[in-house]
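These notes are about the structure you will find just below.
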Amino acid sequence: MSKAPPVFGLIDCNSFYASCERVFRPDLAKVPIVVLSNNDGCVIARSYDAKPYVKMGEPYFQIKHKLKQHGIVLFSSNYALYGDMSERVMTLIESMVPADEVYSIDEAFVGLTGINDVDGLGRKIRSQLLLCTGIPVGVGIAHTKTLAKLANHTAKRLQAQTGGVVNICDPIKRDWVLRNTDVAEVWGVGRRMKLHLDGMGIKTAMDLAKADAWTLRKNFSVVIEKTARELAGTACLELDEPDLPKQEICCSRMFGKRLTELAPIKEAVATYVMRASEKLRGQNSLCKKIRVSIRTGMFNPDEAKYANGVLIEMPYPTDDVRLLTEAAVGAVERVFRPGFKYSKAEVMLVSLCQTGEYTDDLFASSQPVETTRVMAVLDEINGRWGRGMLRAASVPRNPDWGMRREMMSQSYTTRLDQLWTVNCR
DNA sequence: TCTGGGGTCCTAGGACCC
DNA sequence: TCTGGGGTCCTAGGACCC
């Protein structure tokens with residue numbers, strides 16, 4: 000007897016950041032909302048009713064007038080809020096399904112193999128999430144992850160007809176969706192691949208499902224081959240194991256203003272190292288190499304462009320913020336060139352290994368110093384009193400190069416001094 | 001004046017080895 | 001005039017994702 004095919008679900012929050020803001024602003028239930036990226040740079044989320052007016056990624060300064068004209072309410076990114084809301088959503092999902100994989104801040108794949116009434120469970124998840132967190136979601140169900148993505152896409156596109164839950168395990172429904180979806184909408188098909196596929200006459204998801212998988216592999220890569228096979232119903236991708244440590248950790252930010260001097264760039268890099276090393280210790284990893292890079296603005300044609308980075312090898316794998324900061328700040332001097340207007344720095348921790356997975360080199364000239372307890376105390380104090388309470392002297396408290404976010408909502412759920420208040424009449 | 005941030009996976013090519 | 005073949009490991013860069 001052949002084994003029953005697996006069943007996957009994809010749960011995706013609708014306009015997640017905008018929905019988070021709306022939860023705490025019921026007065027905006029019928030008002031279009033847009034959320035901006037860091038530094039209030041460009042559009043990264045739009046409520047359903049704002050989508051007709053604003054495109055994803057549009058620079059804020061170019062569309063100010065348009066936003067005002069349509070009465071669209073703006074928010075700066077509030078990641079403390081979105082991260083906390085995400086945790087609530089994911090915790091609830093986890094409690095309702097046999098297996099799950101948190102795929103991004105607003106999406107989770109779930110394993111539904113062996114469940115009798117998957118549609119019923121999909122609707123239940125949807126109503127529970129709305130009731131308990133206030134966040135609306137779409138649910139897609141299918142025999143592969145790529146098809147579940149597609150089902151979810153359809154659930155959102157045809158919200159009114161589908162009630163936000165679409166199951167395409169049935170081949171007739173699956174084929175209807177495949178025929179009626181542009182290949183560019185398929186998970187794994189980006190701008191480049193879309194152009195290639197266009198040239199081969201592959202226009203719809205159905206065309207890709209029917210394309211010869213070996214030809215795709217030969218011409219492009221195994222990635223698109225898997226995508227095609229998944230569309231045709233053969234599962235090539237599994238649910239990922241929970242809580243796998245990241246293989247690289249990155250902290251990069253645009254500065255709130257252009258920087259021309261070395262000193263503030265060093266401050267920024269020290270700040271980013273602080274954040275990156277918190278993440279590193281959070282997943283019990285050590286880092287062997289650290290990459291530091293800086294660059295000027297890339298868009299303005301009148302601005303001189305420069306970008307450079309260096310990779311530094313640490314004497315031994317470490318999670319000590321002091322060693323990493325010293326190495327990174329020293330590296331800034333090596334890449335800094337006077338005369339440019341810098342807009343961004345990036346700190347990347349690479350060649351990570353897990354604590355305890357690596358063996359000291361007895362003959363190395365520089366031997367590890369035991370700092371686990373110092374770092375644990377540091378993290379505990381900062382965990383209790385807020386990030387940056389205890390920090391390297393090179394990290395300023397309120398730098399003038401810091402992030403611009405002029406329209407940020409309160410951190411309703413993560414700060415006692417910013418709790419939601421309700422006026423009772 | 002002003003255009004985000006944080007990841008993953010795959011591949012090609014170089015270095016090195018026998 | 002003539003200059004192998006096969007393998008591993010590492011890294012940079014491309015493409016894609018949300």
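Per numbering that gives the first Met the number 0, the very first residue in the first sequence carries number 0; after that it's consecutive.
In this text, a Cβ means the ideal position worked out from N, Cα and C, and glycines have one as well.
Beta-carbon gap between ASP99 and GLY110 smaller than 9 Å: Looking up residue 99 in the first sequence gives position 100. Looking up residue 110 in the first sequence gives position 111. With contacts defined as CB atoms closer than 9 Å, ASP99 and GLY110 qualify as a contacting pair.
LEU157 versus GLY163 - alpha carbon distance: Position 158 of the first sequence, counting from 1, holds the residue named residue 157. Position 164 of the first sequence, counting from 1, holds the residue named residue 163. CA-to-CA, the gap between LEU157 and GLY163 works out to about 8 Å.
Three-pair Cβ contact test at 8 Å for the stretch 32-47 versus the stretch 12-21: The answer is yes - the stretch 12-21 touches the stretch 32-47, with three or more Cβ pairs under 8 Å.
Residue range of the unbroken alpha helix (DSSP H) whose run includes ILE71: As a position in the first sequence, residue 71 is number 72, starting the count at 1. Premise fails: ILE71 is in no alpha helix (DSSP H) and is neither H nor E.
Pairwise C-alpha distance: GLY139 and ASN283: On the first sequence, residue 283 is found 284 positions in, with the first residue counted as 1. On the first sequence, residue 139 is found 140 positions in, with the first residue counted as 1. Their backbone Cα atoms lie some 34 Å apart in a straight line.
Sequence-distant residues of its chain with Cβ nearer than 8 Å to GLU266 (five each side left out): Within the first sequence, numbered from 1, the residue matching residue 266 stands at position 267. Close CB contacts of GLU266 within its chain, under the 8 Å cut and outside five residues either way in sequence, are with SER393, VAL394, PRO395, PRO398, TRP400 (chain order).
Closest residue to ARG24 among PRO58, HIS142, MET388, LEU73 (Cα-Cα distance): The residue labelled residue 24 in the question sits at position 25 within the first sequence. Nearest C-alpha to ARG24: LEU73.
One or two residues paired with LEU310 in a DSSP bridge: The residue labelled residue 310 in the question sits at position 311 within the first sequence. Under the DSSP definition of a beta bridge, LEU310 partners with ARG290.
Reference ARG122, options GLY382, LYS148, ILE92, closest by Cα: As a first step, residue 122 is located in the first sequence; it is residue number 123 there, counting from the start. For ARG122, the closest alpha carbon among the candidates GLY382, LYS148, ILE92 is that of ILE92.
Between the CA atoms of LEU348 and VAL328 - distance to the nearest angstrom: Numbered from 1 along the first sequence, position 329 holds the residue referred to as residue 328. Numbered from 1 along the first sequence, position 349 holds the residue referred to as residue 348. VAL328 and LEU348 have their C-alpha atoms spaced approximately 14 Å apart.
Contact under 9 Å by Cβ, LEU146 with GLU86: Your numbering for residue 146 matches position 147 in the first sequence. Your numbering for residue 86 matches position 87 in the first sequence. Going by C-beta atoms, LEU146 is not nearer than 9 Å to GLU86.
Nearest-angstrom Cα separation, counted from LEU207 out to ILE201: Counting from one through the first sequence, the residue named residue 201 turns up at place 202. Counting from one through the first sequence, the residue named residue 207 turns up at place 208. The alpha-carbon atoms of ILE201 and LEU207 are separated by roughly 6 Å.
Distance, LYS50 Cα to THR413 Cα: To locate residue 413, count along the first sequence from 1; it is residue 414. To locate residue 50, count along the first sequence from 1; it is residue 51. Near 29 Å, if we compare the C-alpha coordinates of LYS50 and THR413.
Same chain, Cβ closer than 6 Å to LEU35, five either side skipped, listed in chain order: For the purposes of this step, residue 35 is taken as residue 36 along the first sequence, with counting starting at 1. Same-chain partners within the cutoff: TYR59, SER75.
Beta strand (DSSP E) segments (min. 3 residues) lying fully within the stretch 47-121: Complete beta strand (DSSP E) runs here, min 3: 72-74, 98-103, 106-110.
Extent of the continuous alpha helix (DSSP H) run through LEU27: Position 28 of the first sequence holds residue 27. From DSSP, LEU27 is part of no alpha helix (DSSP H); its letter is neither H nor E.
Three or more C-beta pairs below 8 Å linking the stretch 174-194 and the stretch 206-225: Touching, yes, given that three or more Cβ pairs across the two stretches are closer than 8 Å.
PRO337 - DSSP class collapsed to helix/strand/coil: Position 338 of the first sequence, counted from the start, is the residue given in the question as residue 337. Coil, per DSSP.
Of the residues ALA204, TRP419, MET192, the one placed nearest PHE219, counting alpha carbons only: Taking the first residue of the first sequence as 1, we reach residue 219 at position 220. Selected option, being the one with the closest Cα: MET192.
Close beta carbons around VAL53, own chain, < 6 Å, minus the five adjacent residues each side: Taking the first residue of the first sequence as position 1, residue 53 is located at position 54. If the five residues before and after VAL53 are omitted, its C-beta is found closer than 6 Å to the C-beta atoms of VAL33, VAL42, ARG45, all from its own chain and listed in chain order.
Under the three-state DSSP convention, the category CYS131 falls into: Here the question's residue 131 lines up with position 132 in the first sequence. In the structure shown, CYS131 falls within a helical segment according to DSSP collapsed to helix, strand and coil.
Presumed contact (8 Å Cβ cut-off) between ILE134 and CYS12, rounded CB distance: Taking the first residue of the first sequence as position 1, residue 134 is located at position 135. Taking the first residue of the first sequence as position 1, residue 12 is located at position 13. ILE134 to CYS12, Cβ: 5 Å. Contact.
GLY8 classed as buried or exposed, judged by whether at least 16 other C-beta atoms fall within 10 angstroms: Here residue 8 is taken as the residue at index 9 of the first sequence, counted from 1. When all chains shown are included, GLY8 counts as buried.
Residues near ALA107 by beta carbon distance below 7 Å, same chain, minus five either side: Mapped onto the first sequence, residue 107 falls at position 108. ILE10, MET89, ILE92, ASP99, GLU100, VAL101.
DSSP-derived helix/strand/coil call for PHE7: In the first sequence, the residue the question calls residue 7 occupies position 8. Reduced to three states, the DSSP call for PHE7 is strand.
Candidates GLU345, LYS288, ARG290, TYR305: closest to GLY296 by CA position: Reading the first sequence from its first residue, position 297 is the one you call residue 296. Selected option, being the one with the closest Cα: TYR305.
C-alpha gap between LYS148 and HIS142, whole angstroms: Locating residue 148 in the first sequence gives position 149, where the first residue counts as 1. Locating residue 142 in the first sequence gives position 143, where the first residue counts as 1. A direct Cα-to-Cα measurement between LYS148 and HIS142 gives close to 11 Å.
Residue span of the alpha helix (DSSP H) that contains ARG280, given as start and end: Counted from its first residue, the first sequence places residue 280 at position 281. Taken as a continuous stretch (DSSP letters only), the alpha helix (DSSP H) holding ARG280 covers 261-281.
Contact check, LYS256 vs LYS278, beta carbons under 9 Å: Walking along the first sequence from the start, residue 256 turns up at place 257. Walking along the first sequence from the start, residue 278 turns up at place 279. No, the pair does not count as a contact, with Cβ atoms beyond the cut-off.
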